[in-house]
Amino acid sequence: MAQATDSLQKIVAHCKEYGFIFPSSEIYDNLGAVYDYGPFGVELKNAIKEYWWKSMVQLHENIVGIDASIFMHPTTWKASGHVDSFSDPLIDNKDSKKRYRADVLLEEKIDKFKEKGQKELEKKGIDKNATEEDKAKASRDYAKGVELEKAYTEAAQASDFARYKALIEEYEIVCEISGTKNWTDVRQFNLMFGTQLGSVAEESNTIYLRPETAQGIFVNFLNVQKSARLKIPFGIAQIGKAFRNEIVARQFIFRMREFEQMEMQFFIKPGTQKEWFAKWKETRLNWHLALGTNPESLRFHVHEKLAHYADAAEDIQFRFPIGFKELEGIHSRTDFDLGNHQQYSGKKMQYFDSEINENYVPYVVETSIGLDRMFLRVMSENLKEETLENGETRTVLSLPPALAPIKVAILPLTKKDGLPEKAREIEAKLRFVGRTFYEEKDTIGKRYRRMDAIGTPYCITIDHQTLTDNTVTLRDRDTMQQERISIDNLEQFIADKVNMNTLLRKLV
Ligand code: ATP
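Just remember that this note's numbering sits 22 ahead of the position in the sequence shown, which is counted from 1.
Here's what the structure looks like:
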């Protein structure tokens, strides 16, 4: 039975060994929470981007793309609220000097209480869909989780950070290094990276590396709407880098300081946000499920504490090896952003709706997913250790073929007798189907294993029979079954299986 890996460490090690992801500047002992994608990583990342981009832009005639700059006018971030409120509450342990996010410490404690309580409830045979109240009555730990959650939510809504510290002390949260409760006060820490624009220091201006890609879409809203002749409802999609000076960044590519986002802002008539919010929740969940994911690994999480711009927000959470965590956010952002840009810039950010003969500032529902987090999700659910019938184990990355970095490997059985020449001939044709990999070193078994580990869905072996009857052996990564197939049918067979449309067709 193939088992998805439950350890982040195994994923990190696999990503490094097989050329998916390396720590940044490794020869200088790494730069914290910054990573580089290697030869197979970049291919997989590009394939995820393609899946997202095509599902948004190609499959929706009312969604167009842009590619805005990372640097933006500094007033953008005043208007968006990031200068004043894009911060996290940080707390230090005075003994270990280790820094934590106070909100994360509290959320983790709530989860721990509830998980412990849940086990107790299972033993007592209480249904997992019972109300929070009933669960709290039946389990002391669950009750503590609910109680802390309530207190934390109230403190969060009031931005009462002294209360955060009081709760951390009251619920006896300790530092994982020192094991003590010797905490500093909670301070607010702005997550934006600032830098200087302009060559002469006195004339320079502080500008920021964008902490989200969305603002590049908002400030271009009218340029795009007019030039692409769009009518509401319509969307603008973008993939690009974002930067956050995260306080705690020790979970591999789950939380990075430089990362990529895939965001889509959908502009709608005010008052229709509820139905569009529901629609985009469904559309995005389907996008995730089309990858063949176990539905139990995905769930929605409703935000209790709304960001400064939102009137509704839910996350799609995925069961990572580190637990259920946010993978994507779906936010109803009202007219907050466009309204503020209108106010700060003095330029109208209105849309003329010819159906009702009225001007208004549109409302926005956004979907925002981290590309790197999506990469981690794909790795976590597809990297498997499998025990074979003969007792051996194999590591296999069972990626959907459309996402696989290498689509097909071409392996001559031996290095002589004209087999390499024939294999090269085949490889040259298959290049047009997708990225190929040619290898003649090592036993065929070893070569298969290496291809399994990087997720190559098909391996083709060229043997002596190939020279006489024009057939090759085609090996399927997942079943390990081999069949003989005519070279004439090879290109079409593989093209059909690895095509991005195999995923996109599931969405319509
Ligand atoms: P979190 O609560 O995990 O910090 P967030 O709510 O601040 O995330 P958003 O601002 O909603 O995240 O960003 C949208 C998406 O961008 C997230 O769902 C996540 O996939 C991704 N993302 C955000 N911060 C990071 C990061 N530091 N590293 C990698 N991906 C990130």
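Don't be surprised by glycine CBs; every beta carbon is placed ideally from N, CA and C.
Please read all numbers here as calculations on a predicted model, not as lab measurements.
Spatially closest choice to residue i from the options, by CA coordinates
i           : options            : result
residue 385 : 117, 396, 372, 428 : 372
residue 429 : 163, 499, 492      : 499
residue 66  : 130, 203, 397, 374 : 397
residue 124 : 322, 177, 147, 80  : 177
residue 502 : 480, 60, 303, 298  : 480
residue 234 : 262, 242, 107      : 262
residue 374 : 399, 473, 255      : 255
residue 213 : 152, 103, 120      : 103
residue 309 : 281, 146, 389      : 389
residue 294 : 94, 160, 333, 348  : 333
residue 42  : 48, 51, 142, 64    : 64
residue 415 : 528, 467, 57       : 467
residue 395 : 497, 289, 57, 312  : 57
residue 319 : 348, 496, 527      : 348
Own chain, CB closer than 8 Å to residue i, minus 5 neighbours either side, in chain order
i           : result
residue 122 : 112, 113, 114, 115, 197, 269, 270
residue 458 : 428, 429, 430, 431, 432, 449, 452
residue 118 : 197, 199, 200, 202
residue 29  : 343
residue 242 : 88, 90, 258
residue 94  : 229, 230, 232, 237, 238, 241
Residue i in three-state terms, based on DSSP
i           : result
residue 284 : strand
residue 335 : strand
residue 1   : In the structure as shown, the chain begins at 23 and stops at 530. Residue 1 is therefore absent and cannot be evaluated.
residue 294 : coil
residue 40  : coil
residue 232 : coil
residue 155 : helix
residue 103 : coil
residue 477 : coil
residue 108 : coil
residue 306 : helix
residue 524 : helix
residue 208 : coil
residue 263 : strand
residue 85  : strand
residue 202 : coil
residue 577 : Any answer about residue 577 is impossible in this case: the structure gives the chain only from 23 up to 530.
residue 240 : helix
residue 148 : coil
residue 341 : strand
residue 498 : strand
residue 416 : strand
residue 506 : strand
residue 408 : strand
residue 195 : coil
Neighbour-count burial assignment, residue i, 16 or more Cβ in a 10 Å radius
i           : result
residue 210 : exposed
residue 149 : exposed
residue 369 : exposed
residue 335 : buried
residue 512 : buried
residue 179 : exposed
residue 110 : buried
residue 157 : buried
residue 557 : Examination of residue 557 is not possible in this model, given that the chain is present from 23 through 530 alone.
residue 266 : buried
residue 300 : exposed
residue 464 : exposed
residue 455 : buried
residue 400 : buried
residue 508 : exposed
residue 403 : buried
residue 206 : exposed
residue 281 : buried
residue 250 : exposed
residue 530 : exposed
Same chain, Cβ closer than 6 Å to residue i, five either side skipped, listed in chain order
i           : result
residue 97  : 366
residue 34  : 274
residue 434 : 441, 442, 445, 462, 484
residue 391 : 284, 350
residue 303 : 352
Contact set for residue i: own chain, Cβ-Cβ below 7 Å, skip 5 residues either direction
i           : result
residue 476 : 40, 62, 419, 427, 428
residue 55  : 268, 271, 277, 278, 279
residue 194 : 203
residue 521 : 424
Touching by the beta-carbon criterion (3+ pairs, under 8 Å), the segment 344–355 and the segment 244–264: no
At least 3 beta-carbon pairs within less than 8 Å: the segment 485–493 vs the segment 431–445: yes
Three CB pairs or more closer than 8 Å across the segment 432–439 and the segment 77–88: no
Contact between the segment 130–142 and the segment 156–166 (3+ Cβ pairs under 8 Å): yes
Three or more C-beta pairs below 8 Å linking the segment 68–77 and the segment 419–427: The answer is yes - the segment 419–427 touches the segment 68–77, with three or more Cβ pairs under 8 Å.
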